[in-house]
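Engineer:
Protein chains: 2
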Amino acid sequence: MSDTRHADAPSATLAAPAFTCGLDATLKIISGKWKPLILYFLLRGPTRYGELKRAIRDVSDKVLIQQLKELEADGVLSRNDYNEVPPRVDYTLTPTGQSLAQALEPLCQWGTQNMAEMQKLFAERDGWGRARA
Amino acid sequence: MSDTRHADAPSATLAAPAFTCGLDATLKIISGKWKPLILYFLLRGPTRYGELKRAIRDVSDKVLIQQLKELEADGVLSRNDYNEVPPRVDYTLTPTGQSLAQALEPLCQWGTQNMAEMQKLFAERDGWGRARA
DNA sequence: ACAAGTATGCACCTTTTGGTAAGTACGAGA
DNA sequence: TCTCGTACTTACCAAAAGGTGCATACTTGT
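Protein chains in written order, with this note's numbering: chain X, 1 to 133; chain B, 134 to 266.
1) Could you tell me the boundaries of the beta strand (DSSP E) in which residue 170/B lies?
2) Please name the residue in 37/X, 83/X, 54/X, 71/X whose C-alpha comes closest to that of residue 105/X.
3) Less than 8 angstroms between C-beta atoms, sequence neighbours within five positions excluded: which residues of the same chain meet that for residue 46/X?
4) List the residues of chain X whose Cβ lies closer than 7 angstroms to the Cβ of residue 182/B, in chain order.
5) Could you name the residues of chain X that residue 199/B contacts, counting a contact when the two beta carbons are closer than 7 angstroms?
6) Using CA coordinates, which residue listed in 172/B, 182/B, 163/B is at the minimum distance from residue 220/B?
7) In chain order, what residues of the same chain lie with their CB nearer than 8 angstroms to the CB of residue 34/X, ignoring the 5 residues before and after it?
8) Just curious, the beta strand (DSSP E) that residue 225/B is in, first and last residue?
9) Among residues of its own chain, excluding the 5 on either side of residue 208/B, which ones have a beta-carbon nearer than 8 angstroms to its beta-carbon?
10) For residue 54/X and residue 108/X, I'd like the C-alpha separation in whole angstroms.
11) Under 8 angstroms by Cβ, that's how I've got residue 245/B and residue 22/X pegged, so tell me the actual separation to the nearest angstrom.
12) Apply the 10 Å Cβ neighbour rule to residue 215/B and answer buried if 16 or more other Cβ atoms are within range, or exposed otherwise.
13) With DSSP collapsed to three states, give me the class of residue 57/X.
14) Note down, in chain order, each residue of its chain lying with its Cβ closer than 7 angstroms to the Cβ of residue 101/X, except the 5 sequence neighbours on either side.
15) In the stretch 21–37 of chain X, which residues sit with their C-beta less than 9 angstroms from some C-beta in chain B, listed in chain order?
16) Any idea what DSSP makes of residue 210/B, helix, strand or coil?
17) Answer with buried or exposed for residue 157/B, where buried requires no fewer than 16 other C-beta atoms within 10 angstroms of its C-beta.
18) What's the C-alpha gap between residue 52/X and residue 61/X?
19) Is it buried or exposed for residue 236/B, if we count other Cβ within 10 angstroms and need 16 for buried?
20) Is there a C-beta anywhere in chain B that falls below 8 angstroms from the one on residue 112/X?
21) So which of 249/B, 257/B, 258/B has the shortest CA-CA distance to residue 26/X?
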C-alpha cells in the first residue's frame with residue numbers, strides 16, 4: 001500500500017531524516033495560519049495584494065505581508081512590483097509553488113466533503129459555554 | 134482567538150463560505166505541530182502510544198497526548214485502551230481520519246520531490262550567522 | 001531491591017505567533 | 001482641501017502553542 005521507503009538517504013549528512021517521508025519538509029513551508037490559503041488562492045493566477053487581503057478575510061496586514069515574504073523566501077511565490085505611483089504589486093506562484101498548491105487540493109476536497117460533520121462538531125463545541133440557547 | 138467565521142448557521146446547512154473551498158475546515162483539524170505527522174503515521178495501522186512517540190522524534194509527551202486527544206475529539210482517530218496492567222493503549226484512524234490522512238499524501242510527495250531544494254534553502258538559512266569562514 | 005518501561009496528568013515557563021494601531025508617500029475623486 | 005486607496009512598516013502586546021520536569025501505579029528484568 002503505502003510504500004515505506006526508508007533509509008535510502010541519497011547522501012544525507014545534514015538534514016536529519018525527519019520522518020518517513022517529505023511531509024516534514026512540506027510542513028515547514030506551509031505552516032503559518034494563512035499560508036495554505038494564500039497558496040491555494042494564488043492558483044487562480046497573479047493576484048494583487050489588496051485582492052488577496054480581501055479574499056482572505058480576517059488576516060491582518062502585518063501577518064499577510066509577513067507570510068507572503070516567507071513564502072517568497074521559500075521560493076514558492078514571487079512578488080512582482082510594478083513601480084507605479086499608487087503602489088501596485090502582485091504575487092504569483094512559482095512552478096514549485098504551483099505544484100505545492102495543487103497538492104493542497106485533496107485537503108480542500110476533504111474539507112468540503114466533511115464540512116457538514118465538522119460544522120456540527122464545531123457548533124457543539126462553540127455553543128458550549130454560553131447560554132446553551 | 135476570535136473565530137467568528139462559522140458562527141452563524143442557526144440550524145442551517147449553509148456555511149459561511151470561509152474561503153474558496155473546504156480548506157479552512159481541514160486546516161482546523163490538522164493545525165498543530167505534529168498532527169499531520171501523527172495522522173500520516175497512523176496510516177500504517179493501529180499504533181501504540183510509545184511507538185508513536187518514538188516515531189515522531191522530538192515531540193514531548195504533553196503535546197503528543199494533547200494532540201492525540203484533539204484529533205480524537207475531532208473524530209479522526211480513536212483511542213483504544215486495553216485496560217491492562219502496564220498501561221496499553223493504541224490509536225487508530227477512523228474512516229474519516231483515514232481519508233484525511235490519505236489527503237496528506239500529495240503533500241508528502243511534494244516534500245519528497247522538493248526535498249533537495251528545500252534542504253539547500255534551509256541549510257543556507259541556518260548556516261547564516263555563524264562562521265562564514 | 002532497584003531501575004526501567006508503560007501511558008498519562010499537572011504546574012510552570014518560554015517561544016512563537018498573530019493582532020492592533022499607528023504611520024508613510026503619493027495620486028485621484030468629491 | 002479633505003479623504004480615500006495603495007502596499008506596506010514598525011512598535012508594542014496578548015494569546016496560543018509548545019516544552020520541561022516531576023508524579024503515578026504497576027510489572028518485569030537484573
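Even glycine gets a Cβ: it sits at the ideal position worked out from N, Cα and C.
Structural biologist: The answer reads as follows:
1) Taking the first residue of the second sequence as 1, we reach residue 170/B at position 37. Residue 170/B -> not in any beta strand (DSSP E); alpha helix (DSSP H) instead, spanning 168–175.
2) Taking the first sequence and counting its residues from 1, the one referred to as residue 105/X is at position 105. Closest option to residue 105/X, Cα to Cα, is 37/X.
3) Locating residue 46/X in the first sequence gives position 46, where the first residue counts as 1. So the list reads 80, 90, 91, 92, once near-sequence residues are dropped.
4) Residue 182/B sits at position 49 when you count from the first residue of the second sequence. Neighbours of residue 182/B on chain X: none; closest Cβ ~17 angstroms, over 7 angstroms.
5) Against the second sequence, residue 199/B aligns to sequence position 66. In chain order: nothing, as chain X lies at least about 16 angstroms away.
6) If you number the second sequence from 1, residue 220/B lands on position 87. Per the Cα distances, 182/B.
7) Counting from one through the first sequence, the residue named residue 34/X turns up at place 34. Answer for residue 34/X: 56, 59, 63, 64, 67, listed in chain order.
8) Indexing the second sequence from 1 puts residue 225/B at position 92. Counting along the chain, the beta strand (DSSP E) containing residue 225/B begins and ends at 221–226.
9) Start at 1 with the first residue of the second sequence, and residue 208/B comes out as number 75. Here the set comprises 227, 229, 230.
10) The residue you call residue 54/X lines up with position 54 of the first sequence. The residue you call residue 108/X lines up with position 108 of the first sequence. Distance between the alpha carbons of residue 54/X and residue 108/X: 20 angstroms.
11) On the second sequence, position 112 is the one that residue 245/B refers to. On the first sequence, position 22 is the one that residue 22/X refers to. Indeed they touch by this definition, with Cβ atoms about 4 angstroms apart.
12) Start at 1 with the first residue of the second sequence, and residue 215/B comes out as number 82. With fewer than 16 other Cβ atoms within 10 Å, it is exposed.
13) Taking the first residue of the first sequence as 1, we reach residue 57/X at position 57. Correct three-state label for residue 57/X: coil.
14) Locating residue 101/X in the first sequence gives position 101, where the first residue counts as 1. Excluding positions up to five away in sequence, the list reads 39, 40, 42, 43, 93.
15) 21, 22, 23, 24, 25, 26, 27, 28, 29, 30, 31, 33, 36, 37
16) One-based indexing of the second sequence puts residue 210/B at position 77. Here residue 210/B sits in strand by DSSP.
17) Here residue 157/B corresponds to residue number 24 of the second sequence, with the count starting at 1. Burial call: buried.
18) Position 52 of the first sequence, counting from 1, holds the residue named residue 52/X. Position 61 of the first sequence, counting from 1, holds the residue named residue 61/X. Computed Cα separation, rounded: 10 angstroms.
19) In the second sequence, counting from the first residue as 1, residue 236/B sits at position 103. Flag for residue 236/B reads buried.
20) As a first step, residue 112/X is located in the first sequence; it is residue number 112 there, counting from the start. Closer than 8 angstroms to some Cβ of chain B, the Cβ of residue 112/X qualifies, so yes.
21) Working through the first sequence from its first residue, we reach residue 26/X at position 26. Of the candidates 249/B, 257/B, 258/B, the one whose C-alpha sits nearest the C-alpha of residue 26/X is 249/B.
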